[in-house]
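The sequence shown begins at 3 in our numbering and counts up one residue at a time.
For glycine and all other residues, C-beta sits at the position ideal for the given N, C-alpha and C.
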Amino acid sequence: MIVLDATAVTLDQLLAVACAGAPVAAGAVVRERLRAARAVVDQLAASNTPIYGLNSGLGANVGQLLDPAQRTLYQARAIRARSVGIGAAASTAQVRAALFARLCGLAAGGSGISPGVFDALLAMLNAGVHPVVPTTGSIGVADLAPMSHAMLVLVGEGQAEFRGERLAGAEALRRAGLAPAVLGPKDGLALISANSYTVGGAALALADVDAAMRRLDTAAVLSMEGFRANLSPLRSDALSARPAPGIAESAARLHALLEGSALWNDGAARRVQDPLSLRCVPQIHGAVLWAHGQARAHVEAELNGAGDSPLVLVDGGTLVSTANFHIPGLALAMESLGLAMAQAASACVQRCLRLYSPASSGLPLQLTALGPAHSGFAAMQKTLTALWNQVRHLANPACLDFFPLSEGSEDHAPMAPQVVDKTARIADALVSLAAIELLGAAQAVDLRAMRPDDLGAGARQTYDRVRAQVPRLDEDRPLGPDVDLLRERLLAGDFA
């Protein structure tokens with residue numbers, strides 16, 4: 003049970019809700035915040051002082067007062083009008099992440115949402131009613147389109163998945179024993195004017211990045227073993243001379259995998275210095291870990307803050323317009339993470355090519371000992387290049403590509419959903435690259451006829467798991483299925 007209270011919400015708690023179905027509850031502190039903020043909204047609801055989304059229109063209609071008779075009806079109408087998303091439906095984990103992220107934002111107290119509507123959203127999440135949310139339509143200036151599709155179900159409209167079946171929103175609620183929420187003033191805007199879809203997606207992407215980098219660590223270490231690399235760059239005393247962020251953590255992971263390796267012995271390395279893709283793994287992977295930490299900090303800040311506009315200021319008894327919904331910091335942090343992963347991907351490709359090359363590895367050309375009538379890993383270079391091309395393209399910034407909208411009132415955007423999406427896709431490509439590297443590194447270990455005790459404990463475990471899935475390459479065979487199989491096992495956590 004995840005309880006929203008005075009304690010800061012963490013990324014791990016979001017993952018528990020999104021991926022493991024953990025239930026959510028609201029504590030007494032949150033209940034009091036909701037009550038106090040709603041009292042301010044109720045007091046101002048009848049006012050003719052223009053307050054955005056309460057008694058005035060939205061977007062370019064910001065200066066237009068709403069007819070008092072229309073103000074409550076307008077809340078559901080605003081949700082319908084912004085349900086403009088298209089394309090494939092988001093995953094269940096993404097939808098649950100978005101709903102939980104919005105509950106976190108509402109629990110901060112700045113939205114002024116009706117406590118009953120908050121409880122309805124909480125109940126919908128806990129019941130497993132998952133709105134069908136198209137993935138295309140947000141530019142990161144509050145995720146209006148995806149959040150509107152999600153909240154349509156809350157008011158008994160739209161579509162939802164419930165227990166494996168896609169249903170009309172009202173029917174999904176009925177089967178779950180729930181009733182549609184009845185919205186009061188400001189409730190519609192409070193539900194949709196937030197970056198919860200992006201924040202939830204970023205949390206899921208960060209989990210994918212963490213897993214991908216751990217898999218890449220295992221692949222890099224097995225390459226070091228197969229290459230007979232010089233481990234002096236991994237010495238703690240050498241690394242401590244330049245303690246750049248992320249390096250110590252990366253080196254600790256590599257050390258754990260290489261514990262007991264014969265490469266630590268004097269004279270074990272083949273060369274005084276290895277190619278940079280092998281020598282600089284702590285620096286390259288450490289940069290990813292640092293960027294990951296920066297992005298995580300932004301995600302957790304969003305989970306624990308109020309991104310509403312207007313924002314309820316309880317002490318002053320007022321609502322004020324803000325820019326708290328704008329998240330260029332998160333977008334830039336995820337862009338940086340994508341660039342860091344591209345660096346890691348490039349190094350992975352180069353390690354593979356170095357293993358395939360006799361001039362670098364001292365092993366037979368393309369890792370086949372059977373001569374020029376056999377191709378070995380030669381054609382795998384093209385798959386590596388194709389994957390690298392994808393990563394290189396995805397690493398280009400997306401946060402600068404936007405247009406002024408709403409008659410110029412929305413003339414800036416971080417394009418954060420697009421940045422999050424491509425970051426997750428880079429992480430996915432890293433898993434494929436790790437699978438290819440593992441296949442070649444295990445072949446290199448075989449060609450050197452290394453003894454089991456020569457390998458570090460983690461490297462030995464990795465090698466055994468590779469060989470439990472695919473045999474060494476002697477006669478040429480299709481290697482694509484081998485890579486797909488290793489990728490599948492990596493994603494299943496077999497190499498954790």
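Check	Outcome
Three-state class that DSSP yields for residue 2 in the structure shown	Any answer about residue 2 is impossible in this case: the structure gives the chain only from 3 up to 498.
Distance between beta carbons of residue 253 and residue 236, contact taken as under 8 Å	6 Å
For residue 462, the nearest candidate out of 407, 387, 228 and 370 (CA to CA)	228
Per-residue DSSP class, three states only, for residue 102	helix
Cβ-Cβ separation, residue 260 to residue 460 (assumed contact under 8 Å), whole Å	7 Å
Residue 69 versus residue 77 - alpha carbon distance	13 Å
Identity of the residue in 275, 289, 221 and 474 nearest residue 248 by Cα	289
Distance between residue 141 and residue 397 (C-alpha atoms, nearest Å)	18 Å
Buried or exposed by the 16-neighbour rule on C-beta atoms within 10 Å, applied to residue 126	buried
For residue 328, three-class secondary structure by DSSP	strand
Nearest neighbour of residue 29, chosen from 410, 8, 40 and 46 [CA to CA]	8
Exposure of residue 454, with buried meaning 16 or more beta-carbon neighbours within 10 Å	exposed
Coarse secondary structure for residue 164, derived from DSSP in three states	strand
Whole-angstrom distance between residue 164 and residue 130, CA atom to CA atom	6 Å
Residue 46 to residue 317 span [Cα, whole Å]	14 Å
Buried or exposed by the 16-neighbour rule on C-beta atoms within 10 Å, applied to residue 3	exposed
Start-to-end residues for the alpha helix (DSSP H) that takes in residue 286	283 to 305
Sequence-distant residues of its chain with Cβ nearer than 7 Å to residue 354 (five each side left out)	386, 438, 439 and 442
Nearest residue (CA-CA) to residue 6, options 19, 13 and 26	26
Paired residues, beta bridge with residue 315 - DSSP	320
Contact belief for residue 472 with residue 487 at Cβ below 8 Å, rounded distance in angstroms	6 Å
Any 3 or more C-beta pairs closer than 8 Å across the stretch 329 to 349 and the stretch 425 to 432	yes
Sequence-distant residues of its chain with Cβ nearer than 8 Å to residue 2 (five each side left out)	Since the first residue of the chain shown is 3 and the last is 498, residue 2 is not available in this structure.
Collapsed DSSP secondary structure at residue 140 in the structure displayed	coil
Contact belief for residue 149 with residue 104 at Cβ below 8 Å, rounded distance in angstroms	7 Å
Span of the beta strand (DSSP E) around residue 91	88 to 91
Residue closest to residue 86, alpha-carbon to alpha-carbon, out of 134, 11, 424 and 32	134
Secondary structure of residue 27, DSSP reduced to three states	strand
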